[in-house]
Amino acid sequence: MLKKTFAVVATLGLSVSIFGGSASYAQTSPENKLEQIQQQKAEEEYKAKEEVQLAAEVKDESIENIEEQSEELTEEVADLSDEEYTRFMHNYVSENNESTEEMQEKLDLLGVEFVPEEGKDIQTMAMKDPSKLSLSVYSSKRAGKSYWYLQTSWRSKEIEFDPATLDVVSMEWNPKYGKFYTATAGGKGITTKRDGSKRGKGIYLFNVNDDVTIFDSYASVQVTKNKKGWLEFGSKYTHTYSATKKTKTGQAGINFDSTGPVGGYSYSVTKTSYVSSWPRYNENAVYLR
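FYI, in mature numbering (1 follows the signal peptide of the UniProt record, and there is no 0) the residues of the sequence shown are -26 to -1, 1 to 263.
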């Protein structure tokens, strides 16, 4: 951790669901009070994670102060597991008001090569309006590692009133340039690995439970270089919601598409009479040397 003492750890953008804003609870029933206590405990436990604190501190500190402790911080980042590192990156990138140049300079001092999105502001999403979904796609590579992290993060401030099947998010990439190494989802978070059967075709699918407390709203695949050149990659988030009063649960049905926009496979969610859905897509590219 940074040597400077911080009186307050930066507040995270936590919410009651993937479509929930800042946690607030009515004080009218024992159930609501219990839910508030559980939420506060979960929030405290999450903010106590070393990688979450590290992301908040790096975000708050000046480049000059980080530079003074670059060697120590680089070692800390290098020692993080893949799960811890992707959580660190998610918390650092999300809701970061720094310029892309500042973010790149800070991470470079930590031994991280970072390819952010250029000129894309973080937005929020209306429940049934995909145009406002905050879906960020970025890549990074740690010093000493042979693989790149292709990562997506998402956020929203709407509450899920009509839950249906689990949402689906993909990481997609051009398999001619990037070879699948492994995939990472956030621990006890809302994201879980779903389908890696087409990983050789440049796609990996994750399930997203948008009806639970949200902390780790991200997914990542790690890829190694197949050949030199521009590796295009992207992510599609498909939100499902109940189109009727009948709520459907479980996994959404999916179909694979061999003509994905970045040179590999993509997917679509199977339509039903009870469940509606909308997708949101974003993409990026990184040059593999």
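Built from N, CA and C at the ideal position, the CB exists for glycine as well.
Inter-residue Cα distance where the pair is GLU49 and ASP56 = Here residue 49 corresponds to residue number 75 of the sequence shown, with the count starting at 1. Here residue 56 corresponds to residue number 82 of the sequence shown, with the count starting at 1. Between GLU49 and ASP56, the C-alpha separation is close to 14 Å.
If you run the structure through DSSP and keep just helix, strand and coil, what is SER108?
-> The residue given as residue 108 occupies position 134 in the sequence shown. DSSP places SER108 in strand when its eight states are reduced to three.
Could you check how far apart the C-beta atoms of THR165 and ALA159 are, in whole angstroms? I think they sit under 8 Å.
-> For the purposes of this step, residue 165 is identified with residue 191 of the sequence shown, where counting begins at 1. For the purposes of this step, residue 159 is identified with residue 185 of the sequence shown, where counting begins at 1. THR165 to ALA159, Cβ: 4 Å. Contact.
Once you ignore the five residues that flank ALA29 on each side, which residues in its own chain have a CB closer than 6 Å to its CB?
-> Numbered from its first residue, the sequence shown carries residue 29 at position 55. Excluding residues within five positions, the ones whose Cβ falls inside 6 Å are PHE62, ASN65 and TYR66.
Consult DSSP for SER209 and reduce its assignment to one of helix, strand or coil.
-> Counted from its first residue, the sequence shown places residue 209 at position 235. DSSP places SER209 in strand when its eight states are reduced to three.
Contact under 9 Å by Cβ, TYR151 with GLN196 | One-based indexing of the sequence shown puts residue 151 at position 177. One-based indexing of the sequence shown puts residue 196 at position 222. No, Cβ-Cβ distance for TYR151 and GLN196 is not below 9 Å.
Delimiting residues of the beta strand (DSSP E) encompassing VAL236 = Here the question's residue 236 lines up with position 262 in the sequence shown. Per DSSP, VAL236 belongs to no beta strand (DSSP E) and is neither H nor E.
Can you say whether ARG263 is buried or exposed, counting buried as having 16 or more other CB atoms within 10 angstroms of its CB?
-> Counted from its first residue, the sequence shown places residue 263 at position 289. With fewer than 16 other Cβ atoms within 10 Å, it is exposed.
Status (buried if at least 16 other CB within 10 Å, exposed otherwise) for GLU5 | For the purposes of this step, residue 5 is taken as residue 31 along the sequence shown, with counting starting at 1. That one is exposed.
Which residues in the same chain have their Cβ closer than 7 Å to the Cβ of ARG173, if we skip the five residues on either side of it in sequence?
-> Translated into the one-based positions of the sequence shown, residue 173 becomes position 199. Excluding sequence neighbours, ARG173 sits near PHE154.
Reducing DSSP to helix, strand and coil, say where PHE230 ends up.
-> What you label residue 230 is simply residue 256 of the sequence shown in a count that begins at 1. It is a strand residue.
List the residues that DSSP assigns as beta-bridge partners of ARG254.
-> Counting from 1 along the sequence shown, the entry for residue 254 is found at position 280. Bridge partners of ARG254: TYR211.
CA-CA distance, LYS15 and ASN70?
-> Position 41 of the sequence shown, counted from the start, is the residue given in the question as residue 15. Position 96 of the sequence shown, counted from the start, is the residue given in the question as residue 70. Their Cα atoms are separated by approximately 25 Å.
In whole angstroms, what is the alpha-carbon distance linking SER232 and ASP169?
-> By one-based count along the sequence shown, residue 232 stands at place 258. By one-based count along the sequence shown, residue 169 stands at place 195. Approximately 15 Å between the Cα atoms of the pair.
Who pairs with THR166 in a beta bridge, going by DSSP?
-> Position 192 of the sequence shown, counted from the first residue, corresponds to residue 166. Looking at the DSSP assignment, THR166 forms a beta bridge with ASN181.
Mind checking whether GLY208 and TRP147 have CB atoms under 9 Å apart?
-> Reading the sequence shown from its first residue, position 234 is the one you call residue 208. Reading the sequence shown from its first residue, position 173 is the one you call residue 147. Contact: yes.
Three-state secondary structure (DSSP) at TYR121?
-> Numbered from 1 along the sequence shown, position 147 holds the residue referred to as residue 121. Three-state DSSP puts TYR121 in coil, outside helix and strand.
Nearest-angstrom Cα distance between VAL236 and GLU206?
-> For the purposes of this step, residue 236 is taken as residue 262 along the sequence shown, with counting starting at 1. For the purposes of this step, residue 206 is taken as residue 232 along the sequence shown, with counting starting at 1. Their backbone Cα atoms lie some 5 Å apart in a straight line.
Between which two residues does the beta strand (DSSP E) containing LYS199 stretch?
-> Position 225 of the sequence shown holds residue 199. Element bounds for LYS199: 192 to 199.
Residue nearest to MET145 in terms of C-alpha spacing, selected from TYR255, GLU18 and THR139 | As a position in the sequence shown, residue 145 is number 171, starting the count at 1. When each option's Cα is compared against that of MET145, the closest is TYR255.
Rounded separation between ASP203 and GLU19 - CA only | In the sequence shown, residue 203 corresponds to position 229, counting from 1. In the sequence shown, residue 19 corresponds to position 45, counting from 1. At residue 203 the sequence reads Gly, which differs from the Asp that was named. Looking at the two C-alpha atoms, the distance is approximately 42 Å.
Does DSSP put SER114 in a helix, a strand or coil?
-> As a first step, residue 114 is located in the sequence shown; it is residue number 140 there, counting from the start. DSSP places SER114 in strand when its eight states are reduced to three.
Secondary structure at LYS21, three-state DSSP: helix, strand or coil?
-> For the purposes of this step, residue 21 is taken as the residue at position 47 of the sequence shown. Here LYS21 sits in helix by DSSP.
Starting from GLU91, trace the alpha helix (DSSP H) both ways and give me its first and last residue.
-> Position 117 of the sequence shown, counted from the first residue, corresponds to residue 91. GLU91 -> no alpha helix (DSSP H), and no H or E assigned at all.
Would you kindly work out how many angstroms separate the C-alpha atoms of SER240 and PHE230, rounded to a whole number?
-> The residue you call residue 240 lines up with position 266 of the sequence shown. The residue you call residue 230 lines up with position 256 of the sequence shown. So the alpha carbons of these two residues sit roughly 6 Å apart.
Identify every residue that forms a DSSP beta bridge with GLY152.
-> One-based indexing of the sequence shown puts residue 152 at position 178. Bridge partners of GLY152: LYS199.
Identify the residues that DSSP records as bridge partners of GLU146: which are they?
-> Along the sequence shown, one-based indexing puts residue 146 at 172. According to DSSP, GLU146 bridges with ILE177 and GLY208.
Using only alpha-carbon positions, find the residue among SER73, GLU41 and THR198 that is nearest to ARG116.
-> Position 142 of the sequence shown, counting from 1, holds the residue named residue 116. Ranking the options by Cα distance to ARG116, first place goes to THR198.
Within 9 Å, strictly: CB atoms of VAL89 and SER114 | Taking the first residue of the sequence shown as position 1, residue 89 is located at position 115. Taking the first residue of the sequence shown as position 1, residue 114 is located at position 140. In this structure, SER114 lies closer than 9 Å to VAL89 by Cβ.
Kindly say whether GLY174, judged by its beta-carbon, lies nearer than 9 Å to any beta-carbon of chain E.
-> Absent from the structure is chain E; it holds one protein chain and no more.
CB-CB length for SER127 against SER191, believed under 8 Å | Counted from its first residue, the sequence shown places residue 127 at position 153. Counted from its first residue, the sequence shown places residue 191 at position 217. About 6 Å separates the two Cβ atoms, so the contact holds.
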